[in-house]
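Below: one structure, written as structure tokens.
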Amino acid sequence: MKSMLLCLQSLFAEALVRVLGEDGRGVDPLLRPATDERHGDYQSNVAMGLAKRMQAKPRDLAQRLVDAMPSAAAQICEPFEIAGPGFINIRLKPTWLAAELNAIPPVPDSPSETCDSQSAICDLQSAIGGSPSSDSGTTGNRGLSSPARESQSPARDSRSPIADRLGIPRAADPQSVVVDYSSPNIAKQMHVGHLRSTIIGDTFSRVLAFQGHRVIRQNHLGDWGKQFGMLIAWLKEKMPAALTSPADVRLADLESFYREANALAEADPAFQEKARAEVVALHRGDPGALAAWRYIVDESRRHYMPIYARLGVGLTPEDERGESFYNDRLEPLVREMETSFSCADSAPGEPPSSPDSGDRPCITVGVSEGALCVWHWTPAGAPMFKNPEGQPFPMIIRKSDGAFIYATTDLAAVRFRIGELHADRIIYVTDARQAQHFEMLFATARAAGWTRRGEKPAEVRLEHASFGSILGEDRKPLKTRSGENIRLADLLDEAVNRAEALIRANEAEEGKCRGFTEEEIRDVAEAVGIGAVKYADLGQNRQSDYVFSWDRMLAMEGNTAPYMMYAYARIRSIYRKGAQADGSTAEGAANSAEVACRAVILGHPAERALALRILRFVETVESVAAGLRINLLTEYLYDLAGAFMKFYESCPVLAAPEADLRVSRLRLCDLAARVLRVGLDLLGIRVVERM
RNA sequence: GCGCCCGUAGCUCAGUUGGAUAGAGCACGGGAUUUCUAAUCCCGCGGUCGCAGGUUCGAGUCCUGCCGGGCGUGCCA
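Taking my numbering as reference, the numbering of the first sequence is continuous, increasing by one, and the terminal residue is 733.
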């Protein structure tokens, strides 16, 4: 499947050069899907803006462009139309659309394709890492192998996810992209606040991997704070047995221990001192403290790994590089920052007297109120950040008590990711409230010169893919009735229970009953419930807050996971029926040479509309990756599912009037199902054969 | 105070980076099932895009100022 947009782009590129000469090279033809179906499939808005600069009439210029189109245009689209102030309307030829559909190769043999309806769980496994891939992404290798790369488990490549590429080529210039997401706190249960980062980051990873980039997932665990001192001290004092036979203690206990330890610390200065000593011991590498810490981390992992599995999130222990990982790097990093950026000729917090960075922002490092600070300056010497008093607002990298903080760890992580993971691009998936912190972090890394490199790309991209909060119906951050954070495990349980109730209600109703076994009901409920939670979240504009509503996300109507999954199940049902009639297998009905090789016929408007939607998948994935805008994908899938529903209503498939048409429609169904399945897979949502 | 984000139909949200008559879903009203899954589809109703200016062939989108809301704002992450 190739991008229709790119095909049109090359036509316009040539026409622009023919009309404008060299000035026309590199001009964006401003191609967009048509805003209104009546105007065609795509439109170019290039003539209006260009005419202005050339002092020409927009419609005249549009006409000259149309006249200058290469002859190949006649194969691709109907004659161009010029409309309104100078729009060029483009309608693709049904014969060309059909040829493009025919060019999509069949599903390659892979374990996931041998799955039948009874073992949808197998799909999940292949989606999150069960299927070995022959593609090891060697193109992304830059020669020098680092210890970090070698230490990475081969499991990473096995997560290169989707076997059915629909004939979509991989990126010509694959990049190494670090995606930093999820980041649960150790010794605490995951709560609803971790949901967005976890599933949004996982979707970025899937989409970028699908495009052929080398994705390096990083789980920046909160595993090194002062809470461990408290916890270890408390365990040693109150429950030493837990440290020798950890099986007896669960994570939920750790949480209550932590609360008790907090209370104790407030009442008892001696305990406070012990806790502090444990932190020091831990950070020094004291074996006893370290053992206790490891136990706590392991117990936490036993809690969050099943949640990842349930969500279909591809994070593994190999992706974990928590705060602890950077411990040894903090001291040297800070010392280096001090020597490189201390300003001898200006006081701490004062602008540098002789900025040597040319037109780039620069940083200075110095001690203020006992804390080691980084200040950021514009090329003109003005502070980039200000505090409430209007004074330069620094990023603290060492507290006045000598301890390092998150900014220090984050700096070390940037450096590690660029220097040792060889990242071309780093994406941080955290909530929007940390925006300023990341601005400062990125400004520091850039000014320190870490992002500049000799090889291409010349500048490492640092991006904060921020997201809004999940709100309750009262528009306040989602909490339990008693005001506590909602545990993620509970949220997912409720989603599945609600989905199960809906399925059981249908089973009790005549006409909707599918005759599911108990096992099937649970399986479908799991897929629908988890899918609904994920889809509702991913379908939002990432930046804005969104209101959590069970009823909306589990609705069959509208842009929801159940609707999408229903569309898929409906298609699959056609195959089952067709297979019964033919006495062949369901897969056989879809992938037989007969169906795969015969031409698609696009006579009915609904067939044409569906064909167009199917082929738009490529450009959609492209836009999603370019802008990290996942809701473009959900919107696309909704549009595709809608196009299928309309096709389904008006075009009989199995009872098509002619054999050729039947085959053609089966092929359309097959392609629609494959795109739905791959698209949902990119969202980490699995499909079911029946629902 | 300063910085960032937001304000679009009764409700929940889109709006492809400046394009044609601002779109969905829910809710509300009407219609479609002897036919492949009606958990579906079709039709209708519903708008001062917070307010006021500005930029231009053209503004929900860009600029300025107000009004209203959220978040952040020196040693938590």
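Quick reminder that beta carbons are idealized off the backbone N, C-alpha and C, glycines included.
Assigned secondary structure, residue i (DSSP; H/G/I helix, E/B strand, else coil)
i	result
Ala781	Nothing can be reported for residue 781, as the shown portion of the chain is limited to 43 through 733.
Cys711	helix
Arg728	coil
Asp593	helix
Gln476	helix
Leu696	coil
Arg363	coil
Thr602	coil
Ile132	strand
Gly68	coil
Glu501	strand
His418	strand
Thr406	strand
Leu332	helix
Lys94	helix
Arg494	strand
Residue i, enclosing beta strand (DSSP E) - first and last residue
i	result
Asp222	218-222
Glu123	123-125
Arg259	256-260
Gln85	84-86
Met73	The residue asked about is misnamed: residue 73 is Leu in this sequence, not Met. Note, Leu73: beta strand (DSSP E), 73-75.
Ile204	Note, Ile204: premise wrong, no beta strand (DSSP E); not H, not E.
Ile468	467-470
CB-CB length for residue i against residue j, believed under 8 angstroms
i	j	result
Ile563	Glu542	6 angstroms
Leu50	Ile132	6 angstroms
Lys268	Val321	6 angstroms
Phe383	Val407	4 angstroms
Ala578	Met595	4 angstroms
Val376	Ile439	6 angstroms
Tyr610	Leu718	5 angstroms
Ile468	Val502	7 angstroms
Separation of residue j from residue i, as counted between CA atoms
i	j	result
Gly37	Arg248	Residue 37 lies beyond the range of the chain shown here (43 to 733); nothing can be said about it.
Ser298	Gly525	17 angstroms
Met482	Lys576	31 angstroms
Arg732	Ser615	7 angstroms
Asn227	Gly264	4 angstroms
Ala490	Phe484	10 angstroms
Ala507	Thr522	27 angstroms
Glu64	Leu92	14 angstroms
Leu27	Phe252	Here the chain covers residues 43 to 733 and nothing more, so residue 27 does not appear.
Thr486	His418	7 angstroms
Ala413	Glu392	15 angstroms
Leu675	Gly581	8 angstroms
Leu103	Ala89	6 angstroms
Thr245	Gly669	13 angstroms
Pro434	Arg529	39 angstroms
Met281	Asp215	56 angstroms
Val566	Ala603	12 angstroms
Ala389	Cys404	15 angstroms
Thr451	Asp328	21 angstroms
Gln97	Asp473	47 angstroms
Residue range of the unbroken alpha helix (DSSP H) whose run includes residue i
i	result
Phe299	293-309
Val355	Careful: Val355 lies outside any alpha helix (DSSP H) and carries neither H nor E.
Pro374	369-383
Arg80	Looking at the DSSP string, Arg80 is not in any alpha helix (DSSP H), and its letter there is neither H nor E.
Leu533	530-549
Arg60	46-62
Glu568	560-580
Arg106	100-109
Arg238	237-252
Arg671	Counting along the chain, Arg671 falls outside any alpha helix (DSSP H), and DSSP gives it neither H nor E.
Met437	No alpha helix (DSSP H) contains Met437, which is instead part of the beta strand (DSSP E) from 437-440.
Ile228	No alpha helix (DSSP H) holds Ile228; DSSP gives it neither H nor E.
Ala445	Note, Ala445: premise wrong, no alpha helix (DSSP H); not H, not E.
Glu279	269-280
Glu647	The sequence shown places Pro at residue 647, not Glu. Looking at the DSSP string, the run of the alpha helix (DSSP H) that includes Pro647 is 647-657.
| task | Specify whether the stretch 445-460 and the stretch 341-353 touch according to this definition: at least 3 beta carbon pairs, one from each stretch, less than 8 angstroms apart. | result | no
| task | Could you tell me whether the stretch 67-83 touches the stretch 681-688, where touching means 3 or more Cβ pairs closer than 8 angstroms? | result | no
| field | the stretch 300-312 in contact with the stretch 267-281 per 3-pair CB rule at 8 angstroms | value | Touching, yes, given that three or more Cβ pairs across the two stretches are closer than 8 angstroms.
| Are at least three pairs of beta-carbons, each pair with one atom in the stretch 657-664 and one in the stretch 690-709, less than 8 angstroms apart? | no
| request: Pair every Cβ in the stretch 75-86 with every Cβ in the stretch 118-138, then say whether three or more of these pairs are closer than 8 angstroms. | output: As far as the Cβ criterion goes, the stretch 75-86 touches the stretch 118-138, which means the pair count is three or higher.
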